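A.B. asks: Shown below is the structure under consideration.
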């Protein structure tokens, strides 16, 4: 199973040719600059808490300072460092300079499937680094629970070697159908925490999971990521928003990833809400590896290269497992949609019929 390299921010994977050439020029085959910039450790370092275009806020020795990237990197700051990064900084003429980047344990990236006025579809964007735990935040209502979004995020997080839990916010609005969906993930061994910031339910349980971790909240707009951060921080300073009455989709209130320390050695990175996730860059032969419920079935298919997509029903044990109720039909439909995105096919409804 492939994993994103922790230093993809220094490679040329941007879809725009201009950005590709800029990175290639800065970190080409010789790679002398990046070898000097990335270090294993240092006696003192700061943690990036927010990145702007050409500078970043750094938590350093208990204070927040504004720092710029050293000039020989020859890239803007938001292409190089991200919330959660550990950086060495120096003070030069009363200005802080990011002199080094400590090697990362992980980096979370995503490819945009929806466009905004600032970003086009298909651009891969690094979100945060050095994540110990990702919390996939969903809502019971407004916006409604979408398991297919959870499945895509689970893929991305597993691909990045980041453990994940699911947090159902607004749990006081939960339906029986929501409970069935959540049971599917519980049966896969994925922890589910139920919270309500309005009714103060489950906040202590969530804190227990986040203690001594650098965690990240990810999810759709409007599910309550910032409200949960407020509840954990014990204040209401983080901007929150409401769900559109017309579309029932959340408005973007957090516009950049931000880092919050709520306890010693415990932090949260609150990320902007998104409405879709593109996983079309995944290898179609390996997508089934992200669906552990296929494990006991996929090796029994008639054909060794079966991808359980458009093969005949009689030859595919995964399809038969779905038909017999041994594999969640909802999860299999999610798998088909992902495969459809990757392969460019959309005939989901007829694929696994006998």
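In full-length UniProt numbering, the protein residues as written are 1 to 354.
Each residue gets a CB set at the ideal place from its N, CA and C atoms; glycine is no exception.
If you're wondering where the values come from, they're calculated on a predicted model, not measured in any experiment.
1) Assign residue 110 to one of three DSSP states: helix, strand, or coil.
2) Here's the rule: buried if 16 or more other CB atoms are within 10 angstroms of the residue's CB, otherwise exposed. What is residue 162?
3) So, are the CB atoms of residue 224 and residue 170 less than 8 Å apart?
4) Can you pull the DSSP bridge partners for residue 219?
5) Taking 8 Å as the cut-off, decide whether the C-beta atoms of residue 190 and residue 218 are in contact.
6) Thinking just about the alpha-carbon of each residue, which of 60, 104, 98 and 315 is nearest to the one in residue 75?
7) Compare the Cα-Cα distances from residue 135 to each of 192, 92 and 129 and report the closest residue.
8) Please list, in chain order, all residues of the same chain as residue 294 whose beta carbon is under 6 Å from its beta carbon, the five residues on each side excluded.
9) Please report the distance separating the alpha-carbon of residue 307 from that of residue 54.
10) Based on the DSSP secondary-structure assignment, which residues constitute the bridge partners of residue 69?
11) Under the rule that 16 or more other beta-carbon atoms within 10 Å means buried, what is residue 270, buried or exposed?
12) Which same chain residues, not among the five before or five after residue 285, have their C-beta less than 7 Å away from its C-beta?
13) Does the contact criterion of 3 or more C-beta pairs under 8 Å hold for the stretch 194 to 204 versus the stretch 143 to 155?
14) Using alpha carbons as the reference points, say which of 336, 45 and 231 lies closest to residue 102.
15) Go ahead and label residue 85 buried or exposed: buried means 16 or more other beta carbons lie within 10 angstroms of its beta carbon, across all protein chains shown.
16) Can you tell me whether DSSP reads residue 41 as helix, strand or coil?
17) What residue range is occupied by the uninterrupted beta strand (DSSP E) comprising residue 168?
18) Should residue 126 and residue 150 be called a contact, given that it needs their Cβ atoms to be closer than 8 Å?
19) Can you check whether the CB of residue 268 is closer than 8 Å to the CB of residue 355?
20) For residue 156, does the three-state DSSP call read helix, strand or coil?
21) To the nearest angstrom, how far is it from the Cα of residue 158 to the Cα of residue 93?
22) Please state if the CB of residue 279 and the CB of residue 155 are separated by a distance shorter than 8 Å.
23) Which complete alpha helix (DSSP H) runs does the stretch 265 to 330 hold, if anything under 4 residues is left out?
24) Considering only the beta carbon of each residue, do residue 210 and residue 160 sit closer than 8 Å?
25) Run through DSSP, which three-state label would residue 332 get?
26) Return the first residue and the last residue of the beta strand (DSSP E) that residue 185 is part of.
27) According to DSSP, is residue 148 part of a helix, a strand, or is it coil?
28) Identify, in the order they occur along the chain, each residue of the same chain with its Cβ nearer than 8 Å to the Cβ of residue 343, setting aside the five sequence neighbours on each side.
29) With H, G and I counted as helix, E and B as strand and the rest as coil, what does DSSP make of residue 340?
30) Put residue 190 into one of helix, strand or coil per three-state DSSP.
31) Which value, in whole angstroms, describes the spacing of the CA atoms of residue 73 and residue 52?
C.D. replies: Looking at the coordinates:
1) strand
2) buried
3) yes
4) 137
5) no
6) 98
7) 192
8) 288 and 318
9) 45 Å
10) 98
11) buried
12) 307
13) no
14) 45
15) buried
16) coil
17) 164 to 169
18) no
19) The first residue shown for the chain is 1 and the last is 354, placing residue 355 beyond what the model contains.
20) helix
21) 44 Å
22) yes
23) 295 to 298 and 317 to 323
24) no
25) helix
26) Looking at the DSSP string, residue 185 is not in any beta strand (DSSP E); the run it does join, the alpha helix (DSSP H), is 176 to 187.
27) helix
28) 284 and 309
29) helix
30) coil
31) 16 Å
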